[in-house]
Amino acid sequence: MATACFLLVTLLALCATPAPAHGARVLTPGCAGAVTKAQQGGTSSNATAADEYLAPHNQARAAAGVAPLRWSADLASAAAKTVAQQQRQGGCAFADMGASPYGANQGWASYRARPSEVVALWVAEGRYYTHANNTCAAGRQCGTYTQVVWRRTAEVGCAQARWCGLRHGRHAHALPVQPARQCAGPEPLLAS
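Take a look at the structure:
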């Protein structure tokens with residue numbers, strides 16, 4: 001699988017426990033502008049953008065037997081700030097979310113990936129996750145999946161930005177969640 005850049009910061013907010021940024025997979029070229037209101041989603045005219053992020057999260061959560069998430073305009077705003085910062089820096093590094101009260105999934109793409117594509121990449125990590133013992137298969141990543149299905153996560157807000165950098169356009173997606181999931185600890189589908 002090729003390694004490109006796409007940053008989708010999913011800010012999921014749980015309990016203000018900082019969660020590290022988690023990578024996603026490569027999703028090819030475009031260029032240009034800043035984060036727009038439509039890319040943040042959240043208002044009535046932007047309901048479609050919000051739904052494009054929220055629906056695949058809630059499908060994965062339903063499959064895992066946990067309650068659906070609510071859209072948060074505040075988290076979408078935080079996500080927009082995160083991708084705007086990445087846009088200003090012009091690089092492909094994931095945002096440092098260590099000081100943030102939010103958990104976040106992030107992803108980069110070299111093309112304008114649809115929100116459902118990005119979320120699907122995170123959810124796909126679930127095939128490597130074993131709920132019975134809260135483990136991930138050796139050499140695999142499951143952190144973005146567990147962030148999506150974390151039982152205590154209640155809200156999500158997302159943003160996407162585009163810009164030109166180096167030789168290829170970069171598309172950043174950010175999805176903060178509330179509250180942040182714990183990095184280690186109880187199985188994510190348990191109520192704890």
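Read the sequence shown against the numbering used here and you will find it ends at 192, with the numbers running on by one and no gaps. Ideal placement from N, C-alpha and C gives every residue a C-beta, glycine not left out.
Do you know whose CA, among Cys-158, Trp-150, Ala-120 and Glu-155, lies nearest Ala-64's CA?
-> Trp-150
Inter-residue CB distance, Ala-95 and Gln-106 (contact presumed, cutoff 8 Å) | 6 Å
How should Ala-159 be labelled, buried or exposed, when 16 other C-beta atoms within 10 angstroms of its C-beta is the threshold for buried?
-> buried
Roughly how many angstroms separate the alpha carbons of Thr-153 and Ala-80, rounded to a whole number?
-> 20 Å
Alpha-carbon spacing of Asn-58 relative to Glu-52, whole angstroms = 11 Å
In the DSSP assignment, what are the bridge partners of Tyr-129?
-> Cys-136
Contact under 8 Å by Cβ, Val-118 with Val-148 = no
From Glu-125 to Thr-146, what does the alpha carbon distance come to, in whole angstroms?
-> 9 Å
Under 8 Å, do Gly-139 and Ser-72 count as touching if we go by C-beta distance?
-> no
Helix, strand or coil at Trp-150 according to DSSP, with G and I counted as helix | coil
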